[in-house]
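Here the structure is laid out as structure tokens; the discussion comes afterwards.
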Amino acid sequence: MFNRLHHPFDLESFSLVCKRFLALTNRLRRHLSLLDSTLLINGTISKLIHRFSHIISIDLSNFQGDLDLVVLDLANSVSSYTSNIEQLDISNQKQLPVTGLKELGRKLKAQSFPFLEEFDCSYSSTDLNPYPEHINPSDLAVTDSGIEVLSVNLRNLRRINVSRIELITDKSLVALSKNCLNLQGIDVVDCPLITSKGVHSILRSCTALSWISVSEIHFPRSRSGFERLASCRRALQTLNVTSSMISDEFLLLMAKSSLPLSRLSICWCINFTLSGISLLLCAYQSLKYLSLVQVDFLSDESMNDLSKYLQILVTIDVSGCKRLTISTFFTLARNCPLLEAINMGSTDLGTKDSFHNGVKNPRIRSVNLRYNWYLDDGTLTKVALMCPNMEILDVSTCLSLTEAGIASVLEVCNQIRNLQFESCPLIKHIGEGAELPNVEVVSAATSAINDEGLALIGSRCSRLLKLNLTFCEGVTADGIQAMVTNCRSLRGIQLKMCPQKITIAETGEFPYVLHGDELLSIFVARQLKMAKFCYCE
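Here it is, written out as structure tokens:
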């Protein structure tokens, strides 16, 4: 019975029934994300590890406290409980927990994590400025020697992310290519000292490689080294290239390599043309995911030609392509019958009128139209008519939209689950209408939403889980109280920088939430009849 519950929130009610159910639900948890508030409530990570004995991944990327102490505690918790851990995420940290990692590394040699297959140390920074006197800056940085030691001790490594580590060079990739022959995925984005030679070494030795993400690489016109792409023809399924110089010759070489590509991403790249990308897409008509971000030469006409190669595409991202209009949206909806997600943020929607010819694609579930400043209510209504089963809509920073456009979308698309209209200064509410039982998330940060808007959200979205009201100047205590009274499933409210004077008090089951300068996120655990508070940056 418990295995059929897909969301962690669904387990909470059962865990309160009896100790037996609590023990059973604890064993079902596979992933642990650690926040500062988690330790405030539970004490140490070792307690959580022993409680959730089947954890396979730990995410520390959003932890803002003393990471060294946490990693040390994790290293000292060596037992049968930690032997199943496969993934540890310590990305997005200002500095690496050197002491903790040294101890963890020592324990790794003792086989405390024999099944560790994924390692993420991306976006590690040494920007302390100034450094404490007792710390040598070089001790905090990830270098080639560290990656080499890691590769020797984790020979079963399947995937590694070393993005935005400024000091590693091609030597790191050479070490990985020599010691981690079973490597299946690698991310080396924003590593300025990595060159095409390092990428060559990975392609040459790691024949099981199915995923590679690189950036700031010069792909030369000659074939030097990149004929190795052909050696990956049995494995390479995902290729992400960002902020690089790509030639049409390289795209032609890719087209001839007969790779089993299903995901292709070429973002913020230069030096290739429509001819090159056409040859590539013609060769890989089995793509399910395609990202062509900020490709300046793409137009409505060229997208119409390319769409004939995208018959089984599921997700497309053409954000930042400034020449694309609503005509491209029509084309994709009509010519890509399996399409489920479209990202046309920062394009030219709204500047060109187009007749709606009755095109509908019932499979499209997610639409991202952020930063289309001229997107108006009429154009958004046409999008809704084309996507009647839309579940996720993001129109943040669409400055010309009003509540009429949002109301028309909700009237047509009654399966909406996630609605985002952040930084839309003309939207005060979502409009009146029938109940929206599927809406779980509304993000209205920096919009004109007011107490009337909150009342409408409360009356129409009774199953709302999360609401973002950051920088909403029209929000008051009365509006929040009215909304919370109707939204009995509410889990979280973000109220950062709301200008109203804020205090916190509880009346019955419902917390009154008001605040000023504090950055506060409130999670209402109704089963426990209490409010949990988590301070955010």
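When you number the sequence shown by the working numbering, it's gap-free, plus one each residue, and the end is 575. A virtual CB, placed ideally from N, CA and C, is assigned to each residue, including glycine.
Distance between I487 and R197 (C-alpha atoms, nearest Å): Within the sequence shown, residue 197 is the residue found at index 159, counting from 1. Within the sequence shown, residue 487 is the residue found at index 449, counting from 1. Approximately 44 Å, taken between the alpha carbons.
Through-space distance from L231 to L214, alpha-carbon basis: In the sequence shown, the residue the question calls residue 214 occupies position 176. In the sequence shown, the residue the question calls residue 231 occupies position 193. Going by the C-alpha atoms only, they are around 16 Å apart.
Any 3 or more C-beta pairs closer than 8 Å across the segment 296-304 and the segment 270-282: yes
Contacting residues, own chain, Cβ-Cβ under 7 Å from S527 (five flanking each side not counted): The residue given as residue 527 occupies position 489 in the sequence shown. The answer, listed in chain order, is R501, L502 and L503.
Backbone CA spacing between Y550 and I79 [nearest angstrom]: Here residue 550 corresponds to residue number 512 of the sequence shown, with the count starting at 1. Here residue 79 corresponds to residue number 41 of the sequence shown, with the count starting at 1. Residue placement at Y550 is flagged as unreliable, the pLDDT there being 37, under the threshold of 50; the coordinate-derived value follows with that caveat. Cα-Cα distance, rounded: 22 Å.
Every unbroken alpha helix (DSSP H) inside the segment 240-309 [4 residues or more]: 286-294
Short Cβ contact (9 Å threshold) for D414 with T369: Counting from 1 along the sequence shown, the entry for residue 414 is found at position 376. Counting from 1 along the sequence shown, the entry for residue 369 is found at position 331. No, they are not a contact pair.
Residue from E449, H88, V421 and V477 whose Cα sits closest to the Cα of N114: Locating residue 114 in the sequence shown gives position 76, counting from the first residue. When only C-alpha atoms are compared, the closest one is H88.
Whole beta strand (DSSP E) elements within the segment 393-418, 3-residue minimum: 404-406
Where S253 falls, given that 16 or more other Cβ within 10 Å makes a residue buried: Taking the sequence shown and counting its residues from 1, the one referred to as residue 253 is at position 215. So S253 ends up on the buried side.
Reduced DSSP secondary structure (H/G/I, E/B, other) of T508: Within the sequence shown, the letter at position 470 stands for residue 508. Of the three classes helix, strand and coil, the one that applies to T508 here is coil, per DSSP.
Neighbour-count burial assignment, A472, 16 or more Cβ in a 10 Å radius: Locating residue 472 in the sequence shown gives position 434, counting from the first residue. So A472 counts as exposed.
Three-pair Cβ contact test at 8 Å for the segment 397-408 versus the segment 418-435: yes
Check: E378 C-beta below 8 Å from any heavy atom of the ligand SAM: The ligand content of the structure shown is nil, which means the ligand SAM is not present either.
Terminal residues of the alpha helix (DSSP H) in which E449 lies: Translated into positions along the sequence shown, residue 449 becomes position 411. Taken as a continuous stretch (DSSP letters only), the alpha helix (DSSP H) holding E449 covers E441 to V450.
Residue nearest to L1 in terms of C-alpha spacing, selected from D334, S313 and L344: For the chain, the structure presents residues 39 to 575; residue 1 sits outside this window and is missing.
Any C-beta of chain D under 9 Å from that of G496: The displayed structure is made up of one protein chain only, and chain D is not part of it.
Residue interval of the beta strand (DSSP E) (run including A379): Here residue 379 is taken as the residue at index 341 of the sequence shown, counted from 1. Note, A379: beta strand (DSSP E), A379 to N381.
Buried versus exposed, by CB contacts within 10 Å (16 or more), N191: For the purposes of this step, residue 191 is taken as residue 153 along the sequence shown, with counting starting at 1. N191 should be labelled exposed.
Burial state of I308 (16 or more Cβ within 10 Å): Taking the sequence shown and counting its residues from 1, the one referred to as residue 308 is at position 270. When all chains shown are included, I308 counts as exposed.
Burial state of N399, where buried means 16 or more other Cβ atoms lie within 10 Å: Against the sequence shown, residue 399 aligns to sequence position 361. The residue in question, N399, is buried, as its Cβ has 16 or more Cβ neighbours within 10 Å.
Buried or exposed (CB count within 10 angstroms, at least 16 for buried), G469: For this step, residue 469 is matched to residue 431 along the sequence shown. Buried.
Close beta carbons around I454, own chain, < 8 Å, minus the five adjacent residues each side: For the purposes of this step, residue 454 is identified with residue 416 of the sequence shown, where counting begins at 1. Result list for I454: M428, E429, I430, L431, V447, L448, L474, N476 and V477, in chain order.
Paired residues, beta bridge with H69 - DSSP: Residue 69 sits at position 31 when you count from the first residue of the sequence shown. According to DSSP, H69 bridges with S95.
Beta-carbon spacing of L457, V479 below 9 Å: Position 419 of the sequence shown, counted from the first residue, corresponds to residue 457. Position 441 of the sequence shown, counted from the first residue, corresponds to residue 479. Contact: yes.
Among Q131, L336, I531 and A179, nearest to F310 - alpha-carbon criterion: Indexing the sequence shown from 1 puts residue 310 at position 272. Closest by alpha carbon: L336.
As assigned by DSSP and simplified to three states, the class of G358: By one-based count along the sequence shown, residue 358 stands at place 320. Correct three-state label for G358: coil.
Burial state of D225 (16 or more Cβ within 10 Å): Translated into the one-based positions of the sequence shown, residue 225 becomes position 187. Buried: at least 16 other Cβ atoms inside 10 Å.
Backbone CA spacing between V212 and L330 [nearest angstrom]: By one-based count along the sequence shown, residue 212 stands at place 174. By one-based count along the sequence shown, residue 330 stands at place 292. C-alpha separation (whole angstroms): 30 Å.
Sub-9 Å separation of S189 and L195 beta-carbons: Here residue 189 corresponds to residue number 151 of the sequence shown, with the count starting at 1. Here residue 195 corresponds to residue number 157 of the sequence shown, with the count starting at 1. For S189 and L195, yes; Cβs fall inside 9 Å.
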